[in-house]
Amino acid sequence: MSAGVHIIAAPGDIPAPHIEYGQLAPMLIVFGVAVLGVLVEALAGRPWRYRIQVPLAFAGLLAAFVWTIVLAWRHEPFHVAAMGALGVDGPTLFLQGTILVLALVSLLLIAERSAAHFTAQASALPGSEAEQQSMSAGITQTEIFPLMMFAVGGMLMFPASNDLLTMFVALEVLSLPLYLLCGLARRRRLLSQEAAVKYFLLGAFSSAFFLYGAALLYGYAGSVRLSDISAQAGQGAGGETLLLAGIALLSVGLLFKLGAVPFHMWKPDVYQGAPTPITALMASCTLVSAFGALLRVYYVGFETLRWDWRPAMWGVAIITMVVGAVVAITQTDIKRMLAYSSIAHAGFLLTGVVATSRQGLSGTLFYLAAYGFTTIGAFAVVTMVRDAGGEAAHLSRWAGLGRRSPVIAGVFAFFLLAMAGIPLTSGFTGKFAVFSAAVDGGATPLVVVGVLASAIAAFFYVRVIVVMFFSDPEADGPSVVVSPATATAVALGLTVTVVLGVLPQPVLDLAGTAASQMFVR
Amino acid sequence: MKAEGIQAVAWLLIALPLAGAAILLLGGRRTDKWGHLLGTGMSLGAFVVGLAMFVQMLGYDPEERRRTIHLYEWFTVGHFKLDMGLLVDPLSISFVLLITGVGSLIHIYSIGYMAEDDDRRRFFAYLNLFVAAMLLLVLADNYVGLFIGWEGVGLASYLLIGFWQHKPSAATAAKKAFVVNRVGDLGMVIAISLMFATFGTVSFTQILGEGAHHLGMVEQVGQGTATAIGLLLLLGACGKSAQLPLQSWLLDAMEGPTPVSALIHAATMVTAGVYLIVRSGPIFELAPDAQLAVTIVGAATLLAGAIIGCGKDDIKKALAGSTMSQIGYMVLAAGLGPAGYVFAIAHLIAHGFFKAGLFLGAGSVMHGMKNDVNMRHYGGLRTMMVITWATFGLGYLAIIGFPGLSGFFTKEGIIAAAFDKGGTSGMILGGCALLGAAITAYYMSRVMFMTFYGERRWEEDVHPHESPKVMTVPLMLLALGSLFAGGFLVLGSFGHFLEPVVGGGEAHGFHLITAPGIAAFVLMVIGVAIAWRQYGARKVPREAPAGSFLTVAARKDLYGDAINESLIMRPGQWLTRLAVYFDNKGVDGLVNGLAAGVGGTSGRVRRLQTGFVRSYALSMFLGAAVVVAALLVVNV
Amino acid sequence: MSPGHYLVLSALLFTIGGVGVLVRRNAIVVFMCVELMLNATNLAFVSFARMHGNLDGQLIAFFVMVVAAAEVVVGLAIIMTIFRTRRSSSVDDANLLKY
Amino acid sequence: MDLYVPIVVLGALAFAFAAGSVLMAAFTGPKRWNRAKLEAYECGIEPTPQPVGGGRFPIKYYLTAMLFIVFDIEIIFLYPWAVAFESMGIFALVEMALFIVTVLVAYAYIWRRGGLEWD
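Residue numbers (full-length UniProt numbering), protein chains in the order written: chain S, 1 to 521; chain U, 1 to 636; chain L, 1 to 99; chain D, 1 to 119.
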């Protein structure tokens with residue numbers, strides 16, 4: 001221990017930290033509601049739990065969202081909060097608002113009761129008598145709500161983290177509940193548990209990389225504050241190897257979370273195995289959050305090192321787009337196909353990150369919001385198409401859906417077209433925004449690859465549409481179960497996808513304003 | 001210039017039928033009772049608006065007839081800006097009148113034709129949707145708007161071809177139309193992207209300039225870019241307008257209800273390609289190679305369509321072949337530059353009237369013949385359905401170019417313009433057009449004679465009868481159009497009307513007696529005479545005879561599908577097998593070679609996803625190593 | 001001993017943990033290897049703290065330990081559930097989701 | 001360094017004594033084997049027969065282990081706080097109270113949902 005540290009000091013020697021509770025309120029509300037949710041689980045009787053948990057979670061998310069709006073409305077100059085641990089600034093508020101709305105929509109799916117998605121009792125063995133009993137007793141595992149709230153809290157914190165320790169804690173707070181939630185599917189429990197194990201082991205593996213990267217950066221700069229690292233790197237003071245290796249390992253952890261190739265392999269397996277509402281939550285909120293963190297790290301921490309990390313990022317973006325689009329073509333499971341599509345979209349989004357400009361930032365923000373709603377809507381439709389064994393996820397079971405229920409098939413087709421980036425959908429506007437930013441940022445080859453990958457991707461989206469509308473329906477095909485909550489989620493996704501395609505300017509302006517001052521340091 | 005008066009609400013044109021479609025689709029069964037009336041009303045409403053706009057336009061000076069309606073700013077990203085707006089000028093108003101006019105007549109006709117169908121409401125909803133999309137296509141003031149309408153009409157067309165889904169042939173035909181059209185759309189998408197990348201905008205005004213004076217940004221780009229854009233646009237036009245080599249879907253599309261064939265697959269949608277080429281005139285004028293390609297496609301299709309028309313016994317398919325051929329004429333004319341534009345559009349409008357009349361007449365015949373489409377089962381229907389015979393006959397005379405009727409003026413104009421192009425290419429193109437005229441006379445006479453003349457060949461239990469008034473009145477109105485439209489357009493001042501848009505006003509004079517005109521007339525008479533010898537004077541067998549090589553080829557659509565298969569599909573599959581030496585059964589939905597190649601790669605790459613956590617971890621570990629190495633190497 | 005040696009040790013431990021994840025089949029052991037990686041990181045943090053003469057690294061080590069503990073709990077729960085279903089804790093047996 | 005010498009010496013003596021006594025007993029004591037002596041020693045009660053393969057721990061052991069880890073690890077934050085309590089003042093006290101309340105919420109959950117019951 002160095003000599004300057006006094007173990008025993010006089011009272012008041014260590015000043016109380018200054019915490020901006022107002023700026024942190026959205027996160028605090030969500031975490032508070034999560035803790036309350038645990039208390040409800042502890043104290044409320046079984047019949048009451050669901051009835052208390054759902055309104056509680058809704059109220060919490062809504063309150064946090066309203067607070068976020070208020071924060072954005074005040075137009076106060078942003079500065080770092082909580083002694084520099086968190087930065088609540090324009091981009092962060094945009095991302096947090098997006099995450100909260102997307103979480104609200106996901107909550108509609110998670111709270112769906114008419115076609116329950118979650119196991120009655122996670123501890124009961126699949127196929128055992130205990131499981132039968134708990135199912136017939138109509139029990140539901142209501143712990144999913146506090147778990148989800150913890151995850152959402154972590155997601156809010158992740159892009160706001162201004163130092164690597166906070167970021168690591170946020171990463172774990174968002175990941176740990178998700179690992180558990182993945183294993184709670186009501187049907188096909190074996191797949192669900194396998195998804196949880198895989199996600200957990202690989203997630204833990206990746207966070208070890210993240211952490212080691214953070215350690216190396218700490219070794220380089222003597223601090224884990226992003227701004228300190230940036231300042232130290234700006235001086236170019238020795239220890240370059242530490243710095244660059246640290247950046248690389250840190251990136252591995254972040255790229256894992258957003259599913260960039262070659263760190264993507266968990267994504268198809270987990271998306272397929274997890275309960276579909278959780279998949280929707282991961283595909284929308286987690287992606288937004290992970291990109292937020294990535295943007296902050298690269299725009300604040302490593303901005304001065306742009307020329308060092310950009311080539312590697314180029315490579316990752318290119319193979320992510322290509323692998324995602326190409327492998328999706330031969331998928332036969334809808335959820336798996338959407339997972340690969342999500343990988344491809346992560347690649348498109350990375351082109352916006354590579355741009356490293358204000359325009360790239362605002363384009364990425366817009367794309368995240370647009371894609372989040374589209375993908376949530378698509379997964380919501382997946383939950384509606386059911387047969388005796390639960391969701392009919394195999395593509396062949398969707399044959400002729402267009403004739404059996406044209407509206408649902410039409411809506412799904414629309415979501416797919418939006419993901420393919422057809423004009424008049426949000427996907428087009430989003431792709432346009434990030435690609436034009438990348439062109440301006442001198443990444444034209446990347447955009448060429450992106451456009452080619454979109455063309456390949458369009459092929460498999462159209463393939464699903466062809467199956468739905470042109471194949472003959474099976475005799476015992478799945479039926480479409482429409483319930484108010486899920487239908488609301490689909491309608492919300494559809495509305496946003498249309499509005500952001502037809503009248504995107506207000507949201508583009510919003511993203512532009514949010515990005516105008518970039519991140520605080 | 002900004003639009004005023006009724007033109008300022010041009011969006012009503014699109015909104016009315018769109019609202020109709022929305023009400024009918026969302027209203028469901030509740031609207032069954034009055035759905036068809038609402039649909040027809042919306043279409044008529046759009047026609048009235050269109051007419052008012054036309055009258056208002058006539059009041060302006062020719063130079064001031066180009067009016068824009070700015071709807072809203074779609075979005076701005078960086079220095080790219082996309083505005084949504086409409087463009088009302090003589091070219092678009094001509095289309096508006098054709099679409100809403102003929103469209104309304106067909107709506108009325110459908111009330112009778114679809115009376116027995118349980119899903120009549122849905123049918124009208126789709127028709128309204130089509131009208132709205134088609135109007136957007138011709139009214140949009142930029143390529144993206146045009147493309148949205150383009151996709152919209154494709155969607156409506158697909159829905160209507162497959163309207164009777166219970167028929168497997170209808171479902172297959174819809175699928176085929178869908179797939180083939182995607183090839184064309186790909187061309188459009190790339191063309192639009194290219195324009196966006198080159199000009200930073202997709203607005204007609206900015207790219208093409210204001211009407212005939214041009215002065216758009218396109219004049220500043222090199223010939224290479226213009227040629228590339230032109231060829232890609234041509235690919236798009238080929239898909240939508242059933243031109244070689246993307247013609248194969250149109251014949252199958254006849255599986256749809258007959259009013260659909262009349263409206264979409266004869267009068268309006270399939271002419272969108274011609275509109276696209278004429279609208280993009282300034283691009284093509286800068287790219288002679290692309291222009292030449294347009295004329296070649298047109299000439300080849302006009303012959304191929306005509307030959308196919310000769311071999312078909314199905315009355316609708318014979319007419320479909322004829323549609324291909326007639327659009328070939330228009331495309332040919334559109335490829336001739338300003339000299340041909342006016343004739344292309346005039347022929348398009350005249351064709352809209354007489355071909356719609358012919359199709360509706362065919363529908364009327366089918367209505368009386370228990371939906372039998374085989375002309376060998378008809379014969380001598382002249383006395384049974386007099387009105388149908390008379391109106392069909394007028395349409396027939398118009399299409400073969402009988403002097404004085406619509407087709408005569410417009411087609412002669414195209415033939416003359418082709419010869420006027422001069423040089424060897426002019427002679428060849430003119431020759432093709434002349435030959436096409438002769439074949440047209442032959443196969444249309446064949447249809448006429450087999451259907452309405454000769455002895456009766458129908459079964460005992462068929463009782464041919466005239467159709468109800470609601471069907472015959474539109475027939476008569478369209479027959480009037482067949483009589484006069486062409487002459488009115490060509491002899492009238494249509495050329496001057498369009499001149500502010502397409503230019504070249506002085507070239508449009510029409511001379512009654514020219515050498516090509518006389519040749520065309522003689523060839524037409526010969527064609528009719530041969531048909532009379534074969535089908536009018538002789539007995540027509542109920543079963544089709546074996547026929548010569550050419551007949552067999554024509555019956556099989558000139559082996560279009562076989563050629564597609566052996567040229568595109570087979571080598572593609574072969575390549576795939578080479579590239580992917582294991583059997584990839586998973587790749588079943590892939591239709592062409594490129595896709596199969598990508599699919600093969602995909603099938604291979606997905607095997608890397610072994611399902612073992614440890615191999616995933618390995619990939620992450622190696623990935624991390626590569627990323628670290630990449631960063632360090634870059635720094636060295 | 002200079003702090004450099006601790007860093008080398010930490011890198012070695014991290015690598016051993018990483019390789020362990022790749023080669024071991026038992027889910028619990030795989031997970032223990034991940035924990036080893038985290039602890040190697042802790043060692044690095046503490047050594048760097050020593051080198052820089054500030055306390056941040058030690059503080060971070062505390063947080064990492066807590067987070068690692070939480071991870072253990074979640075991980076054990078998940079691994080136990082799948083073990084009870086499958087009667088096997090080999091990660092290679094969880095192989096239904098692939099391609 | 002001199003300060004530590006007595007400790008080292010003491011340690012060495014202790015080790016020598018322990019090792020010496022055990023070795024002494026092994027060499028000098030009488031060796032009379034019987035069956036009972038060869039069995040596993042379980043505090044005087046009859047040894048429970050073990051299933052083949054060494055047997056498995058009941059799931060309860062894992063549960064307890066998990067709970068132990070969670071609560072045990074919280075001490076990590078309490079200890080530095082306790083050491084620096086004087087200098088950190090009221091703010092830290094409130095923070096720590098909140099922290100303990102949060103842990104108590106988890107405790108309440110486990111307790112109410114039967115996590116602490118052995119059967």
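Every residue gets a Cβ at the ideal spot worked out from N, C-alpha and C, and that includes glycine.
Could you tell me whether the Cβ of residue i comes closer than 8 Å to any Cβ of chain S?
i               : result
V105 of chain D : yes
M88 of chain D  : yes
A84 of chain D  : yes
I60 of chain L  : yes
T28 of chain D  : no
H52 of chain L  : yes
T64 of chain D  : no
Is it buried or exposed, residue i, if we count other Cβ atoms within 10 angstroms and call 16 or more buried?
i                      : result
V326 of chain S        : buried
residue 646 of chain U : Limits of chain U in this structure are 1 at one end and 636 at the other, which puts residue 646 of chain U out of reach.
Y616 of chain U        : buried
A9 of chain S          : Its pLDDT being 45, under 50, A9 of chain S is placed unreliably by the model, and the measurement read from it follows with that caveat. Classification for A9 of chain S: exposed.
D472 of chain S        : exposed
F519 of chain S        : buried
M88 of chain D         : buried
R32 of chain D         : exposed
M83 of chain S         : exposed
R46 of chain S         : exposed
G127 of chain S        : exposed
D89 of chain S         : buried
V22 of chain D         : exposed
E117 of chain D        : exposed
For residue i, tell me which candidate among the options has the shortest Cα-Cα distance.
i                      : options                          : result
Q272 of chain S        : S:R188, S:I139 and S:Q132        : S:R188
L429 of chain U        : U:M375, U:I414 and U:F124        : U:I414
L452 of chain S        : U:S325, U:A362 and U:V598        : U:V598
residue 660 of chain U : U:L135, U:G230, U:D32 and U:L394 : Past the boundaries of the shown model lies residue 660 of chain U; chain U is included only from 1 to 636, so the question cannot be answered.
V153 of chain U        : U:A22, U:I264, U:A629 and U:W74  : U:I264
Is there a Cβ from chain L that is less than 8 Å from the Cβ of residue i?
i               : result
I110 of chain D : no
P126 of chain S : yes
From the beta carbon of residue i, is the nearest beta carbon of chain D less than 8 Å away?
i              : result
M80 of chain L : yes
A27 of chain L : no
F45 of chain L : no
E20 of chain S : no
Just to confirm, is the Cβ distance from residue i to residue j under 8 Å?
i               : j               : result
Q505 of chain S : T268 of chain U : no
Step through the CB atoms of chain U and report whether any lies within less than 8 Å of the CB of residue i.
i               : result
D56 of chain L  : no
T374 of chain S : no
I16 of chain L  : no
Going along the chain, which residues of the segment 599-626 of chain U sit with their C-beta nearer than 7 Å to a C-beta in chain L? So the close ones are R606, R607, Q609, T610, G611, F612, V613, R614, A617, L618 and F621.
If the cut-off is 9 Å on Cβ atoms, which residues from the segment 164-181 of chain U count as contacting chain S, listed in chain order? Residues passing the 9 Å Cβ filter: Q165, P168, A171, T172, A174, K175, F178 and V179.
Using a Cβ-Cβ cut-off of less than 8 Å, list which residues of the segment 421-438 of chain S approach chain U; keep chain order. Of all residues in the segment 421-438 of chain S, I422, P423, L424, T429, F432, A433, S436 and A437 have a Cβ within less than 8 Å of some Cβ in chain U.
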